[in-house]
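Chemist: Add 213 to a position in the sequence shown, counting from 1, and you land on the number used in my numbering.
We treat Cβ as the ideally placed atom computed from N, Cα and C, and that holds for glycine.
Sharing a structure here in structure tokens format.
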Amino acid sequence: MNLPTDIREEAGDLFDLHRWHMRKALQLARKAAAADEVPVGAVIVRGTSVIAQAYNQVELLKDPTAHAEMIAITQAANAVGDWRLTDCVLYVTKEPCPMCAGAIVLARLPVVVWGMSDPQRGGAISHFRILQDEQLNHQVDCVTGVLEAECREVMQEFFRRKRDAAHKRRVAEELDAERPADDQAN
Ligand SMILES: [Zn+2]
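Right, dumping it as structure tokens:
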């Protein structure tokens with residue numbers, strides 16, 4: 214009997230499955246970035262079916278609660294026809310914030326898988342530990358670091374672009390302010 218190898222192989226298969234769904238979440242995060250939204254993508258899977266796909270739409274909907282996870286949870290509950298998502302798995306590119314972690318607990322999701330952790334504001338386990346708080350009536354298994362480098366790159370690239378744009382705006386404004394009055398009249 215070679216149990217350790219079996220377990221490793223099984224874990225390998227599971228990780229491939231996680232990567233497969235995380236790739237979809239990453240595509241959604243890239244869509245968010247293209248729409249000038251903070252790039253977070255989320256997918257909810259039930260058995261072999263993807264029942265929800267969403268990305269952050271806070272700017273578009275002008276709604277501070279329109280995070281990828283929140284939209285995906287609503288979609289999944291509609292698909293299942295129940296608010297309890299007890300046989301579903303949520304994949305998201307970044308560790309959920311405290312709001313989304315609260316919604317994950319309320320939805321009774323058993324497992325959440327994410328790419329990059331957020332040590333400063335993470336609501337799941339990194340900073341606030343909402344997904345594993347014994348005082349709440351539901352704890353969630355967390356799988357972290359799936360396609361972490363890609364998830365981080367999408368986020369860093371987005372904020373790099375934002376900073377560059379802000380810098381260019383400032384330089385343009387300064388140049389404008391320095392132009393002689395005569396020149397400005399022309
Ligand atoms: Zn959130």
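(1) What does Ala267 pair with, by DSSP beta-bridge criteria?
(2) Who are the near neighbours of Val326 in its chain, counting only those whose CB is closer than 6 Å to its CB and skipping five residues on each side?
(3) Considering Asp354, what are the terminal residues of the beta strand (DSSP E) in which it resides?
(4) Can you tell me which of Lys381, Arg236, Val318 puts its alpha carbon nearest to the alpha carbon of Gln348?
(5) Mark Pro393 as exposed unless 16 or more other C-beta atoms lie within 10 angstroms of its C-beta, in which case mark it buried.
(6) Using 8 Å as the Cβ pair cut-off and three pairs as the minimum, do the region 308-318 and the region 276-283 touch?
(7) So the beta strand (DSSP E) Val324 belongs to, where does it begin and stop?
(8) Just mark Pro277 as buried or exposed, buried being the case when its beta carbon has 16 or more other beta carbons within 10 Å.
Modeler: Per the coordinate set shown:
(1) Ala255
(2) His231, Tyr304, Val356, Val359
(3) 354-356
(4) Val318
(5) exposed
(6) yes
(7) 324-329
(8) exposed
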